[in-house]
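Asker:
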């Protein structure tokens, strides 16, 4: 892993500083991830993600005074571990006996969901079309529509809640929209 990280850095000075950082805090980064995740395998994944994240932010990290790098690395490790937990919470395991719906049924449900989105009030309809149907980010939608990202996020949340209510009235429960 260290070799892959070093290959990304351009100068020998950056490589030396990264080696120093890695050797000084490798065990600390792993320990923080293990404490958050409670599992060695996932902690190793989080530690590896941490080192690559530090590389992506290398200009900022390398500009820090040495005595601040440990705190930065520990915070990055904690955040990577928490991201893994968040991702796992959003991932739902399907029952073993689950049989996926036929393609036609999925297409019908998708068309129905799109029609529900299009029936929402304009303030929510356009934002949800861009977010859920087109796959745009909240930042992109905010730029396109000339509004704050927080306004977009709020309308996405309210619009999803409206969709959920409508789906539940139609008999769909535990709908994830």
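In our numbering, the protein residues as written are -8 to 168.
For every residue, glycine included, the Cβ atom is placed at its ideal position computed from N, Cα and C.
Which of the three DSSP states is assigned to residue 48 in this structure?
Answerer: Counting from 1 along the chain shown, the entry for residue 48 is found at position 57. In the structure shown, residue 48 sits in coil (DSSP, three-state: anything other than H, G, I, E or B).
Asker: Tell me the residue span of the alpha helix (DSSP H) that contains residue 57.
Answerer: Residue 57 sits at position 66 when you count from the first residue of the chain shown. Unbroken alpha helix (DSSP H) run through residue 57: 57 to 81.
Asker: Whole angstroms are fine: how far does the CA of residue 147 sit from the CA of residue 169?
Answerer: No statement about residue 169 is possible, as the shown extent of the chain runs from -8 to 168 and does not include it.
Asker: Out of 31, 163, 161, 9, state which residue places its alpha-carbon closest to the alpha-carbon of residue 50.
Answerer: What you label residue 50 is simply residue 59 of the chain shown in a count that begins at 1. Of 31, 163, 161, 9, the residue nearest in Cα terms is 9.
Asker: Taking residue 72 as the reference, give the member of 118, 46, 38 with the closest Cα.
Answerer: Residue numbering aside, residue 72 sits at position 81 when the chain shown is read from its first letter. Closest by alpha carbon: 38.
Asker: Under a CB-based cut-off of 8 Å, is residue 145 close to chain C?
Answerer: In the structure shown, chain C does not exist; there is a single protein chain.
Asker: Checking 8 Å against the spacing of the C-beta atoms, do residue 52 and residue 23 come in under that value?
Answerer: Locating residue 52 in the chain shown gives position 61, counting from the first residue. Locating residue 23 in the chain shown gives position 32, counting from the first residue. No, they are not a contact pair.
Asker: What does the Cβ neighbour count give for residue 101, buried or exposed, with the cut at 16 atoms within 10 Å?
Answerer: Here residue 101 refers to the residue found at position 110 of the chain shown. By the neighbour-count rule (16 or more Cβ atoms within 10 Å), residue 101 is not buried but exposed.
Asker: Below 7 Å CB to CB, which residues in the same chain sit around residue 114 once its five sequence neighbours on both sides are set aside?
Answerer: Counted from its first residue, the chain shown places residue 114 at position 123. Correct list, in chain order: 146.
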